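Peer 1: The following block contains the structure, expressed as structure tokens.
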Amino acid sequence: MPHRASDSFGSLVFAGDVMLKHLPPDVFMNLQRTIQTGSRLDPAIANTVAAAMKDWALEHGATHYCHWFQPLTGTTAEKHDAFLSTTSDGGAVEKFSGSQLIQGEPDASSFPNGGIRDTYEARGYTAWDATSPAFIYRSGSESTLCIPTAFVSYTGEALDKKIPLLRSIQAVSKQAMRVLKIFGADHGVNQVITTLGVEQEYFLVDSELASQRPDLMICGRTLIGAPAPKGQQLEDHYFGAIPKRVLAFMAEAEARLFELGIPVKTRHNEVAPGQFELAPTYENANVAVDHQMLTMSVLRETAENHGFVCLMHEKPFAGVNGSGKHNNWALSTDSGVNLLDPRDDTHTNMQFLTILCAVIRAVDVYAEMLRGSIATAANDHRLGANEAPPAIMSIFLGDMLADILDQLESGTPKKTMKGGALEMGATTLPQIPKHTSDRNRTSPFAFTGNKFEFRAVGSSASVAWPNTVLNTIIAESLDFMATQLEKRAGKNPNAAKLETAVKTLLKEVIKEHRRVCFDGDGYSQAWHTEAKRRGLANHTSTVDAIACFSSKKCADVFAKYGVLSKRELDARYGVMVEQYIKLLRIESRTLSTIARTALIPCATRFQAELADAVGATQGCGIECPGSELQLREVVTSVEALRVAVNKLEKAECFAHGKSVDHEKEACHYRDVLVPALNEVRVLCDSLERVMPADLYPLPTYAEMLFSTRS
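0 is the number of the first residue of the sequence shown in numbering that gives the first Met the number 0; add one for each residue after it.
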């Protein structure tokens, strides 16, 4: 019989039935209590769990274990230690203790830390996160037991993406439980869970071609490249037949992801040639974030097996769609009730409308934090173009919810708009149910039936930080709503008094914060003008967007809900600024090298060939004005490129040898270096358009974008 995906699903994960099989019943129940309720882990069970985990890992061929964590690099980190230990008689045995499971000690000063750690104070700790299951990662012939962990400094500050995420999950759960209690919906509910499903877009390029592009290999994107004659104009790649070689890659990647317990569901061609997407179903946010990091690793590694390079950059190719990851976020009780499900008669569902208005308020009050959470130099290339949402934070609600807000604002809601049925005019086709609203692909934050889709997150980013920010601002807004209702309705209010208090509050919130709701075309200039009139921020660069994280308003909300201390937030802001500078510096040096060592020499050779041809032709007494004009144009372009490269190199050297103010340096890079990069690109691309194919030194867009079809 053919192998079923369900047979291998989670086979490399220490959870569920695997855990039950290897642990004594009392230890299993104790550990499950921590996983399901978030209660503190009982250290007394650590040795038993470690021994069982080791035995299971050895059964699967693992020789090493590692604490797998997510430092502020935005990637993952791990140090492998062997299970093998020597004995006094010169023999060896596999060992793994509870203390090794619970705690590790990496060098904290070698990771980005925003000044929290230095080389002379390097101690840091990793701590087992029992709520995210351990797994075995296979790379080639090697298998390693990976234990998801948090990363903290010797002084107790969070140095990773996981700790603030877990804190924010607790914060939003606590405030959501208050709202449920007000509506009498907290019976049998212990906590509210943040659920998450993250769609991943990516490009595939033939590895032989990619290896000939220093910009792709170093920066993850092309720094130069003239558009291919055909891009995505015909709209024939989206949902098209998946190329055979790509499908083989997808099948292997999915098989590996299934073994790791990652519930991938959808695969398809995306809009741009060479662009694809993978999407999972929903999980609790902490596990979903870990799984998303694993997904990127598996995609990159599996691509190599099929002769591809998997590009996660937000804009690897100019002129066609960039890549993002749609962050599908919701709240659910631990008993399985989705708190963002509006149900049939939405206008009567006051609990849902309260939570909805809390989200609207959060996005309005803290729009700059939400925008800052997805800001990177890479995402700057993507936002606001080619089906990516604009940098203006707004919410799409759809016709049905917008209508209910209208009713609430003007009085008491009386009805819920229905979607009806769709007839297609052919009796052989079924009548299909029609949604109550369209889908707006230009909205950065859209309600899509029973969840919010945060579409502005970049494809290479860790989703931990955007979700930490989202959870925190919604916790604050739920706190506001609950506090107001407790004051207005009092303790144990009757239904009528509660309904009056709720409707009055919702009306006030809608009136004050509805400016952030927009269902129209987010790409249009009219929206930019209207957004400015409404007082909505439009931060088009990372430098402007992340500045909010240095504000008192931002520090206060993180501190109030125990997500980040002022020192922890300052560290993250410092890391963001430094990463922006470093990424642009790397791109600048890479482009300068390509221009000086590849493009200018080849263009000069072409110039010499043209000059020889013009001279030889004129020597025969034949006029060649077209060739003369081309020669002059090439000479002009080459000389302009030399000047532009010098300008680029000068722009990159900000305050060399001095004590640098990184905020000023980032502003300088935004205002001076980025335009200099673009100027060099324009000149390089113009030369590419006229150079003979045998002289142009790099694979072209046409070759790379369509390399998956071979």
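Just so it is clear, CB atoms sit at the ideal spot from N, CA and C, and this is done for glycine as well.
Just so we're clear, the structure is a prediction, and the values are computed from it rather than from any experiment.
#1: In three-state DSSP terms, what is residue 139?
#2: Can the beta-carbon of residue 453 be found less than 9 Å from the beta-carbon of residue 325?
#3: Which full runs of the beta strand (DSSP E) of 3+ residues lie inside the stretch 80–104, going along the chain?
#4: Hey, residue 70 and residue 8 are a contact pair by Cβ (cut 8 Å); roughly how many whole angstroms apart?
#5: If you draw a straight line from the C-alpha of residue 380 to the C-alpha of residue 395, how long is it?
#6: Between which residues of its own chain and residue 506 is the CB-CB distance below 8 Å, once the five residues before and five after are set aside?
#7: By DSSP, does residue 450 sit in helix, in strand, or in coil?
#8: Could you spell out where the alpha helix (DSSP H) holding residue 507 opens and where it closes?
#9: Bridge partners of residue 123, per DSSP?
#10: If contacts are defined as beta-carbon pairs under 8 Å, then residue 564 and residue 156 qualify, I think. What distance do you get, rounded to the angstrom?
#11: Please return the same chain residues whose Cβ sits closer than 8 Å to the Cβ of residue 609, not counting the five positions on each side in sequence.
#12: Based on Cα-Cα distance, which residue from 22, 230, 684 and 438 lies nearest to residue 45?
#13: Would DSSP call residue 323 helix, strand or coil?
#14: Would you identify the three-state DSSP class for residue 257, choosing helix, strand or coil?
#15: Please work out which residues of its chain come closer than 7 Å, Cβ to Cβ, to residue 501, disregarding the five sequence neighbours upstream and downstream, and give them in chain order.
#16: Rounded to whole angstroms, what is the Cα-Cα separation between residue 624 and residue 223?
#17: Quick check: residue 189 and residue 389, are their CB atoms within less than 9 Å of each other?
#18: In terms of residues, what are the limits of the alpha helix (DSSP H) holding residue 593?
#19: With a 10 Å radius around its C-beta and 16 neighbouring C-beta atoms as the bar for buried, classify residue 621 as buried or exposed.
#20: Output the boundary residues of the beta strand (DSSP E) element that contains residue 275.
#21: Mind checking which residues open and close the alpha helix (DSSP H) that includes residue 596?
#22: What's the call for residue 79, buried or exposed, on a 16-neighbour Cβ count within 10 Å?
#23: Taking C-beta to C-beta, are residue 646 and residue 678 nearer than 9 Å?
#24: Can you grab the Cα-Cα spacing for the pair residue 477 / residue 43, in whole Å?
#25: If you follow the beta strand (DSSP E) that residue 191 is part of, which residue opens it and which one closes it?
#26: Just checking, does the stretch 187–204 make contact with the stretch 284–291 on the three C-beta pairs under 8 Å criterion?
#27: Can you tell me whether residue 495 is buried or exposed? The criterion is at least 16 other CB atoms within 10 Å of its CB, across all chains shown.
#28: Please give me, in chain order, every unbroken run of the alpha helix (DSSP H) with length at least 4 that falls completely inside the stretch 375–406.
#29: Keeping to the same chain, check which residues put their C-beta closer than 7 Å to that of residue 366; ignore five residues upstream and five downstream.
#30: Where residue 713 and residue 309 are concerned, what is the direct C-alpha to C-alpha distance, given to the nearest angstrom?
#31: Going straight from the alpha carbon of residue 72 to that of residue 160, what length do you get?
#32: Going by DSSP, what residues sit across from residue 328 in a beta bridge?
#33: Run the proximity test for residue 144: is its beta-carbon closer than 8 Å to any non-hydrogen atom belonging to the ligand MG?
#34: At the level of alpha carbons, what is the spacing between residue 346 and residue 414?
#35: Nearest-angstrom Cα distance between residue 710 and residue 210?
#36: Go to residue 310, then tell me how far its beta strand (DSSP E) extends in each direction, as first and last residue.
Peer 2: Taking the coordinates as given:
#1: coil
#2: yes
#3: 83–85 and 91–93
#4: So it is not a contact: roughly 30 Å between Cβ atoms.
#5: 23 Å
#6: 407 and 408
#7: coil
#8: 494–512
#9: 152
#10: 7 Å
#11: 626, 629, 630 and 633
#12: 22
#13: strand
#14: helix
#15: 349, 353 and 484
#16: 30 Å
#17: no
#18: 565–593
#19: exposed
#20: 274–279
#21: Taken as a continuous stretch (DSSP letters only), residue 596 belongs to no alpha helix (DSSP H), as it is neither H nor E.
#22: exposed
#23: yes
#24: 37 Å
#25: 191–197
#26: yes
#27: exposed
#28: 376–379
#29: 392, 515, 535 and 536
#30: What is shown of the chain runs 0 to 709, which leaves residue 713 out entirely.
#31: 9 Å
#32: 195 and 451
#33: As for the ligand MG, it is missing from this structure, which has no ligand bound.
#34: 6 Å
#35: The structure shown has nothing for residue 710, since the chain only spans 0 to 709.
#36: 307–310
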